[in-house]
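Numbering (this note's numbering), first residue to last: 24 to 248.
A virtual CB, placed ideally from N, CA and C, is assigned to each residue, including glycine.
What you are looking at is a predicted structure, and each value in this text was computed from that prediction instead of being measured.
Report on the following structure.
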C-alpha cells in the first residue's frame, strides 16, 4: 500500500478516522486477504427494500389515486417501518462500527473501529480466527493508538507506521506480514493478552514473529511522534 497523497485537516477527528478506515482494506488486500461483504450486503438489502416499498406506494398513489391504493397503504407503511427498524438494529447492534471483515491464509478477521469525542486516538475491536479456522476459536482483542503515529503534522497519512502497528498488534496480520512486526509497538500496547490461540498464548506468537522479522531484516523501528 502506498502512502496517501491527499492532505486532510489534522484537527478533524472524522477525517482522521475515515482516512485510517480506508487504509485498512488497502493494506489487508495487499496481504492477500479477501474481503467478506455479508454484513454490508444485508444492510444494503434492508435499506433498498424499504426505499422500494416507499417508492412503489408513492407511484401507485400518484397514478391511481388514494381510493385504489388505500387497502395497501397500511401494510406498506408497516413493512417500511419494520424494515427501517431492522436496518437500525443491524447497523447498531450487528455491524457495530465494522469497517473490515475478511479472510486470508493466516485466518479470518473482523475489525470495528471507533473514536471518542475530542480524543485523537484510533480504537479497534478486532475479532480474529487463526488458520485453520475450522478448528480454532475466535478471539477478540482491543487495540488503540494515537493518530499521530501515522499522520504527519501537516495532515498526510503515512502507510508504514500504520502497517507496523496493525501487524504488531494483531496475530493473523502479523503472521501474514512478519516484516512489519515491530517489537516496541507490541510490548507497549494496550492489547488484551489473556487468550490462547491454537493452544499457544498470542503474545508468544507475536514474539516469535518479531524475532523472525528481526533476524531477517533487523526489524524496523517505528517513527518518533
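Backbone secondary structure at residue i - three-state DSSP
i: residue 179; result: coil
i: residue 139; result: strand
i: residue 200; result: coil
i: residue 160; result: coil
i: residue 108; result: helix
i: residue 78; result: helix
i: residue 91; result: helix
i: residue 123; result: strand
i: residue 214; result: For residue 214, the predicted structure reports a pLDDT of 41, less than 50, and the residue's modelled location is therefore unreliable. A value from the coordinates is still provided. Residue 214: coil per DSSP, three-state reduction.
Residues near residue i in its chain [Cβ-Cβ closer than 7 Å; skip 5 each side]
i: residue 59; result: 124, 125, 126
i: residue 96; result: 80
i: residue 148; result: 135, 163, 165
Residues near residue i by beta carbon distance below 6 Å, same chain, minus five either side
i: residue 224; result: Annotation note: pLDDT 44 at residue 224 (below 50); position unreliable, coordinate value reported separately. Cβ neighbours of residue 224 beyond the five flanking positions: none.
i: residue 199; result: 54, 127, 129
i: residue 139; result: none
i: residue 35; result: none
i: residue 40; result: 138
Residue j beta carbon less than 8 Å from that of residue i
i: residue 62; j: residue 121; result: yes
i: residue 169; j: residue 143; result: yes
i: residue 145; j: residue 30; result: no
i: residue 46; j: residue 190; result: no
i: residue 102; j: residue 76; result: yes
i: residue 33; j: residue 157; result: no
Bridge partners - residue i, DSSP secondary structure assignment
i: residue 152; result: 131
i: residue 174; result: 180
i: residue 169; result: 144
i: residue 62; result: According to DSSP, which records beta bridges pairwise, residue 62 is partnered with nothing at all.
Cβ shell of residue i (< 8 Å), same chain only, five flanking positions each side left out
i: residue 66; result: 110, 113, 114, 118
i: residue 43; result: 136, 145, 170, 173, 180, 185
i: residue 57; result: 125, 126, 127
i: residue 92; result: 80, 83, 84
Identity of the residue in the options nearest residue i by Cα
i: residue 153; options: 174, 173, 172, 195; result: 195
i: residue 107; options: 133, 71, 177; result: 71
i: residue 192; options: 89, 141, 175, 132; result: 132
i: residue 37; options: 141, 157, 94, 155; result: 141
i: residue 51; options: 206, 197, 205; result: 197
i: residue 104; options: 49, 205, 69, 48; result: 69
Chain C within 8 Å of residue i, Cβ atoms only
i: residue 65; result: Protein chains in the displayed structure number just one, and chain C is not present.
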